[in-house]
Every structure is written in C-alpha cells, then in structure tokens.
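Colleague:
Protein chains: 2
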Amino acid sequence: MTTSKKSERVPSAKVNGRVERSRYTVLTTAFELLSEGGVASFTVDEVSRRSGVAKTTIYRHWPTREALVIDACSRMIAEQEVPDTGTLEGDVTAILEEIAHLLPTANWSFVLPSIVDTAERNPEFAEIHSRIQRGHAAPLREVLQRAVDRGELSADADMSTIVAALLGPLFYRRWFSREPIDVPFVKAIIKRVLASL
Amino acid sequence: MTTSKKSERVPSAKVNGRVERSRYTVLTTAFELLSEGGVASFTVDEVSRRSGVAKTTIYRHWPTREALVIDACSRMIAEQEVPDTGTLEGDVTAILEEIAHLLPTANWSFVLPSIVDTAERNPEFAEIHSRIQRGHAAPLREVLQRAVDRGELSADADMSTIVAALLGPLFYRRWFSREPIDVPFVKAIIKRVLASL
DNA sequence: TCAATATGATACGATACCGTATCGTAGCGT
DNA sequence: ACGCTACGATACGGTATCGTATCATATTGA
Chain Z
0 MTTSKKSERV PSAKVNGRVE RSRYTVLTTA FELLSEGGVA SFTVDEVSRR SGVAKTTIYR
60 HWPTREALVI DACSRMIAEQ EVPDTGTLEG DVTAILEEIA HLLPTANWSF VLPSIVDTAE
120 RNPEFAEIHS RIQRGHAAPL REVLQRAVDR GELSADADMS TIVAALLGPL FYRRWFSREP
180 IDVPFVKAII KRVLASL
Chain P
0 MTTSKKSERV PSAKVNGRVE RSRYTVLTTA FELLSEGGVA SFTVDEVSRR SGVAKTTIYR
60 HWPTREALVI DACSRMIAEQ EVPDTGTLEG DVTAILEEIA HLLPTANWSF VLPSIVDTAE
120 RNPEFAEIHS RIQRGHAAPL REVLQRAVDR GELSADADMS TIVAALLGPL FYRRWFSREP
180 IDVPFVKAII KRVLASL
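As they're listed, the protein sequences go chains Z and P. For the first sequence, numbering that gives the first Met the number 0 gives the first residue as 0, with consecutive numbering after it. For the second sequence, numbering that gives the first Met the number 0 gives the first residue as 0, with consecutive numbering after it.
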C-alpha cells in the first residue's frame, strides 16, 4: 500500500535510522540534565558534550534551545496506572501511597519546581505544566468518578476540592515544608478527607 | 550616652547617610526585579540600570550576585498578624482567607516558585526557603496551640499534619492546579480539617 | 572649609552561551 | 556499490553577564 512509485519519498517515514537514534540520545541526555539542574541551567552545549551528539546535529532537530527543553519536559508526564480495589478508600490509598513514594525519588519531582517557576511567566511552559498537572490528578478523578457511579460518593461532590485536599498536603510537604511523607501522614490525610464526604 | 570621645568611630554606626540610601535603593529594585523574573533572570547589571546605582557601588556592598539575591529574598518573609477571635475555627478562617487573598496578588507568591526551585539544589536558598515557610505556618501553629491551651483541641493532635492539611490545598491551587482560590473553597477545606479533630 | 569616604562613569578581561557556517566523513537505503 | 543524507568537528560572530580596575566627582561629617 502506497508503494506506488519508487520516487515517492514520504519524508516523515524516512526518519528511521540515525535520526531516530540521535533524537533519542539527545532527549535522554536533555532530560537527565533537566533533572539535575532545572530549566534555568539547561544548556545546549552541555547536552552536546554529555551526549556526544554534535551541537550542529542538535540544532538540526530542534530549532532552538527552548524547543528542546519543552520537548524534554514533555517526557516528564508520569503514566500512573489506576487501581481498582473496589472501594474508594482503597483506590485513593493506593494512588496516594504511590505518589508519596515517588515524590522523594522520581526525577520529575526535581524538575517540577523549575517548570512551575517557568510557567509563572511563560505560556508554553504553563501549557506543559497544565498537562503534567492533569496527569497527576487524573487517576484520582477516575476513582472518584467510579465511586460516584457506584453510589459510594454523592454525585454533587466537588471533585476539584477533593483532589486539592488530597494532593495538596503531599505536595506541600515535598516542596514547601520539606517534611517526610510517610504512610501515617498519608493515611491521616485520606481519613480526614473521606470522613467528610 | 556612648558619646564618650569624638575620635570614637564605630564603623557600623557610621553607615548612616549615603550608604543607607544606596543599600535601600538597590534592595528595593532587586526585590522588584526578583518579583518579575525570578531568581534565574536576576542580573546585577539590570539592578544597576534600573536603580541608577552604579554597578561598582553595588559590588561595594554585596560581594557577589548571589549575596544580593539572598538579601533581597530575605525581604520576602511575610509578616502576618495572628488573629484572636476566640475560637479555633474563627482564627483559622481569618488566617486562611488572608493567605487566599495574598496568594494571587502578593509579590512573594511570584518569587516563591523560583526559590523553591533554587532551594532544591542550593543549601543557602533552602535555608531562606525554610525561614519563609516557617513564617507562613507560624500563625496557624500559634492559633492551634492556643486552641490546645483552651482545651478546644486535643493536646496530642499532630500540628504538622494539620498545617499541611490546611495550607497544602491552597498552595496546590496556586502553583499546581492553578485554579482560583475562592471563599467557598477555603471554607470547605477548613470544614473538612476541623471536623476531623 | 576640608579631608575622608562613598559614589559614578567607564572600560576591561574572562567566561559562557546561542545559533550559524563550512566542510569533510560516515552510515543508510536501495 | 553508490549516492543521498545525516553527522561530527571546528570555527565564528554576537550577546550577556560577572566581577574588577581606575579615576574623577559628589557627599558627608567634623
């Protein structure tokens, strides 16, 4: 199919081979660099040095430094799987304990403040930040919706408030008070929020 | 008093006059610049341009760019007054509504992400961040302590968890979900947390 | 008034980074 | 095997910033 002529060169289908490898190498290094120093100290020259890919080549694939940063940031969207324990409390506990586990360890947790800061003044980063944010909240929203469907949760419950009440305290400890996020803390938060539904 | 000799030159007491003015002008401009662009884009040259104070003079008062940034950041610690309505709920409501009002408007709320980001890798900023953080939590801790003293709150309540449960959702909305922080939301959070005590 | 001292203006060296140009080389698909 | 294309190495111009040096000027306090 679509093998009509040999002169038919679909550029986007020809990207296989070296190009793919270069892009991958650069993006991986870029993400690593971001994790270490944040957006501010991110440098194309440093990506080139570390990855071994010539700066010329990098600029052949990304028109500008910012484009590369944005591309690397986009790789940061966490793919969380949604649990299904049968009860709202079980689901919420599974999700929050997973996040509590990731917050002190995952690479994205080191980059996120940088993105939040940049997003404060740069619409493109605000968009990325928004996507990341929705990614974090999505599993919670899903299990909450299921609870509504089961009749376990009132249909007029304000999801947005509940999500903020659940995620807020965890994020607060990670980036503001810098206190450890242990299981008792997570359970206490969950208990508080679910008790009030 | 202490006017003993005219030859007595206490250097630190002689800083009056031009020095004071220069320092003040520079710090004010520096803070303004920080509010606009964050720590990353902060530049001594720009402070000089805007303030009209020669770069040479700036470097006479601060040994390095970072010293100036840190000094300017230190001006950011919010002095919040502690309410005393007689009830825990009243006090907490007053504090959180004040914060909810400040979060979208106050200068420090634009700089804080930058400090959080920098603090992630720089101990000096981690220290500043810690001070700012304690400043935010202090009023809450005080009214909670008063509630304990009145017997309104159990003495073995975990203050740290309560503070996180109260401030976390507000901060979450300001910097992560970027949703508005209106009075109903604040009241909902307070209700949830206080109901569980 | 006068001397000490803080300031301003300017220039400078050093460094780092962005993004481009050039040209030779290596790998890929056919 | 061969040609197209991506890649690497290198150099470059331009800009921005840090922090210092120098010297003239203004301000202050006695």
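Even glycine gets a Cβ: it sits at the ideal position worked out from N, Cα and C. Please read all numbers here as calculations on a predicted model, not as lab measurements.
Give the residues from the stretch 90-118 of chain Z that approach chain P closer than 7 Å (Cβ to any Cβ), ordered along the chain.
Modeller: If the cut-off is 7 Å between Cβ atoms, the stretch 90-118 of chain Z has PHE109, PRO112, SER113, VAL115, ASP116 near chain P.
Colleague: Between ALA29(P) and chain Z, is any beta-carbon pair separated by less than 8 Å?
Modeller: Along the second sequence, one-based indexing puts residue 29(P) at 30. No, ALA29(P) does not count as interfacial toward chain Z.
Colleague: Less than 8 Å between C-beta atoms, sequence neighbours within five positions excluded: which residues of the same chain meet that for VAL110(P)?
Modeller: As a position in the second sequence, residue 110(P) is number 111, starting the count at 1. Cβ neighbours of VAL110(P) beyond the five flanking positions: LEU33, SER34, GLY37, VAL38, CYS72, MET75.
Colleague: Quick check: the stretch 131-146 of chain Z against the stretch 114-133 of chain P, are at least 3 beta-carbon pairs closer than 8 Å?
Modeller: In short, these stretches do not touch, since the Cβ pair count stays below three.
Colleague: Which chain P residues are close to LYS190(Z), counting only those with a beta carbon under 8 Å from its beta carbon?
Modeller: Residue numbering aside, residue 190(Z) sits at position 191 when the first sequence is read from its first letter. Within 8 Å Cβ-Cβ: SER195.
Colleague: Please tell me whether SER21(Z) and THR56(Z) are closer than 8 Å, where the distance is taken between their beta carbons.
Modeller: Residue numbering aside, residue 21(Z) sits at position 22 when the first sequence is read from its first letter. Residue numbering aside, residue 56(Z) sits at position 57 when the first sequence is read from its first letter. It is a contact, given that the beta carbons lie within the stated cut-off.
Colleague: In three-state terms, what does DSSP make of GLU19(P)?
Modeller: Within the second sequence, numbered from 1, the residue matching residue 19(P) stands at position 20. It is helical.
Colleague: For ILE189(P), count the other beta carbons within 10 Å of its own beta carbon; 16 or more makes it buried, fewer makes it exposed. Which is it?
Modeller: Here residue 189(P) refers to the residue found at position 190 of the second sequence. With 16 or more Cβ atoms within 10 Å of its Cβ, ILE189(P) is classed as buried.
Colleague: Please name the residues in the stretch 176-187 of chain P whose beta-carbon is closer than 8 Å to at least one beta-carbon of chain Z, in chain order.
Modeller: The residues in question are SER176, ARG177, GLU178, PHE184, ALA187.
Colleague: Give me the residue from ARG173(Z), ALA154(Z), ASP157(Z) with the minimum Cα distance to ALA163(P).
Modeller: Locating residue 163(P) in the second sequence gives position 164, where the first residue counts as 1. Out of ARG173(Z), ALA154(Z), ASP157(Z), ARG173(Z) has the C-alpha closest to the C-alpha of ALA163(P).
Colleague: In the DSSP assignment, find the unbroken alpha helix (DSSP H) run with GLU96(Z) in it and report its ends.
Modeller: In the first sequence, residue 96(Z) corresponds to position 97, counting from 1. From DSSP, the alpha helix (DSSP H) with GLU96(Z) extends over 87-101.
Colleague: On the criterion of 16 or more Cβ atoms from any shown chain inside 10 Å, does VAL185(Z) qualify as buried, or is it exposed?
Modeller: Here the question's residue 185(Z) lines up with position 186 in the first sequence. VAL185(Z) is buried by the Cβ-count criterion.
Colleague: Any idea what DSSP makes of PHE124(Z), helix, strand or coil?
Modeller: Numbered from its first residue, the first sequence carries residue 124(Z) at position 125. Here PHE124(Z) sits in helix by DSSP.
Colleague: Identify the contact partners of LEU166(Z) in chain P, using a Cβ-Cβ distance below 7 Å as the criterion.
Modeller: Locating residue 166(Z) in the first sequence gives position 167, where the first residue counts as 1. By Cβ distance, chain P contributes TYR171.
Colleague: For GLY16(P), I'd like the list of residues in its chain whose CB is within less than 6 Å of its CB, leaving aside the five on either flank, ordered along the chain.
Modeller: Reading the second sequence from its first residue, position 17 is the one you call residue 16(P). Excluding residues within five positions, none has a Cβ falling inside 6 Å.
Colleague: Inspect the beta-carbon positions of GLN152(P) and ALA146(P) and report whether they are closer than 8 Å.
Modeller: Residue numbering aside, residue 152(P) sits at position 153 when the second sequence is read from its first letter. Residue numbering aside, residue 146(P) sits at position 147 when the second sequence is read from its first letter. Going by the sequence as given, residue 152(P) is Leu instead of Gln. In contact: LEU152(P) and ALA146(P) (Cβ atoms closer than 8 Å).
Colleague: Which residues of chain Z have a Cβ atom closer than 9 Å to the Cβ of THR160(P), listed in chain order?
Modeller: Numbered from 1 along the second sequence, position 161 holds the residue referred to as residue 160(P). Those are PRO168, PRO183, PHE184, ALA187, ILE188, ARG191, listed as they occur along chain Z.
Colleague: Let's see if you can read the secondary structure: which residues bound the alpha helix (DSSP H) around GLU78(P)?
Modeller: As a working mapping, residue 78(P) is identified with position 79 in the second sequence. Element bounds for GLU78(P): n/a, residue is neither H nor E.
Colleague: Rounded to a whole number of angstroms, what is the C-alpha to C-alpha distance between PHE124(P) and ILE114(P)?
Modeller: On the second sequence, residue 124(P) is found 125 positions in, with the first residue counted as 1. On the second sequence, residue 114(P) is found 115 positions in, with the first residue counted as 1. In a straight line, the C-alpha of PHE124(P) is about 7 Å away from that of ILE114(P).
Colleague: Please tell me whether GLN132(P) has its Cβ less than 8 Å away from any Cβ of chain Z.
Modeller: Counted from its first residue, the second sequence places residue 132(P) at position 133. By this cut-off, GLN132(P) is an interface position.
Colleague: Do the stretch 45-55 of chain Z and the stretch 115-122 of chain Z touch if we need at least three Cβ pairs shorter than 8 Å?
Modeller: Because the criterion of three Cβ pairs below 8 Å is not met, the stretch 45-55 of chain Z and the stretch 115-122 of chain Z do not touch.
Colleague: Exposed or buried, ARG8(Z), counting other C-beta atoms within 10 Å across all chains shown (16 or more means buried)?
Modeller: As a position in the first sequence, residue 8(Z) is number 9, starting the count at 1. Its pLDDT being 34, under 50, ARG8(Z) is placed unreliably in this model, and the value from its coordinates should be taken loosely. By the neighbour-count rule (16 or more Cβ atoms within 10 Å), ARG8(Z) is not buried but exposed.
Colleague: Can the beta-carbon of ILE161(Z) be found closer than 8 Å to that of VAL142(Z)?
Modeller: Translated into the one-based positions of the first sequence, residue 161(Z) becomes position 162. Translated into the one-based positions of the first sequence, residue 142(Z) becomes position 143. Contact: no.
Colleague: Using beta carbons (cut-off 8 Å, strictly below), is GLY37(Z) in contact with chain P?
Modeller: Here residue 37(Z) corresponds to residue number 38 of the first sequence, with the count starting at 1. It does; some Cβ of chain P falls within 8 Å.
Colleague: Anything in chain P within Cβ reach of ALA154(Z), meaning under 8 Å, just list it in chain order.
Modeller: In the first sequence, the residue the question calls residue 154(Z) occupies position 155. Here the premise fails: no neighbours, minimum Cβ distance about 17 Å.
Colleague: Measure from the alpha carbon of VAL25(P) to the alpha carbon of each residue in ALA194(P), SER40(P), VAL46(P), then state which is nearest.
Modeller: Here residue 25(P) refers to the residue found at position 26 of the second sequence. Of the candidates ALA194(P), SER40(P), VAL46(P), the one whose C-alpha sits nearest the C-alpha of VAL25(P) is VAL46(P).
Colleague: THR28(P) to ARG49(P), Cα distance in whole Å?
Modeller: Position 29 of the second sequence holds residue 28(P). Position 50 of the second sequence holds residue 49(P). Cα to Cα, the separation comes out at about 7 Å.
Colleague: What does the Cβ neighbour count give for ASP181(P), buried or exposed, with the cut at 16 atoms within 10 Å?
Modeller: Working through the second sequence from its first residue, we reach residue 181(P) at position 182. Counting Cβ neighbours within 10 Å, ASP181(P) comes out exposed, since fewer than 16 surround it.
Colleague: Which one of GLY85(P), GLU65(P), ALA93(P), ARG59(P) has the shortest CA to CA distance from THR42(P)?
Modeller: Position 43 of the second sequence holds residue 42(P). Looking at the Cα atoms, GLU65(P) is the closest of the given residues.
Colleague: To the nearest angstrom, how far is it from the Cα of THR1(Z) to the Cα of SER176(Z)?
Modeller: Start at 1 with the first residue of the first sequence, and residue 1(Z) comes out as number 2. Start at 1 with the first residue of the first sequence, and residue 176(Z) comes out as number 177. Note on THR1(Z): pLDDT 32, under 50, position unreliable in the model; the coordinate value appears next. Distance between the alpha carbons of THR1(Z) and SER176(Z): 59 Å.
Colleague: If you follow the alpha helix (DSSP H) that GLU65(P) is part of, which residue opens it and which one closes it?
Modeller: Sequence index remark: in the second sequence, residue 65(P) carries index 66 (1-based). Note, GLU65(P): alpha helix (DSSP H), 64-73.
Colleague: Hey, would you say PRO112(Z) sits closer than 8 Å to PRO112(P), going by beta carbons?
Modeller: Taking the first residue of the first sequence as position 1, residue 112(Z) is located at position 113. Taking the first residue of the second sequence as position 1, residue 112(P) is located at position 113. Against a cut-off of 8 Å, the Cβ pair of PRO112(P) and PRO112(Z) comes out as a contact.
Colleague: Going by DSSP, what residue range makes up the alpha helix (DSSP H) through ALA163(Z)?
Modeller: Against the first sequence, residue 163(Z) aligns to sequence position 164. Per DSSP, ALA163(Z) belongs to the alpha helix (DSSP H) from 158-170.
Colleague: What is the DSSP secondary structure of GLY197(P), counted as helix, strand or coil?
Modeller: The first residue shown for chain P is 0 and the last is 196, placing residue 197(P) beyond what the model contains.
Colleague: Taking all protein chains shown into account, decide if ALA99(Z) is buried (16 or more other Cβ within 10 angstroms of its Cβ) or exposed.
Modeller: Your numbering for residue 99(Z) matches position 100 in the first sequence. By the 10 Å Cβ count, ALA99(Z) comes out buried.
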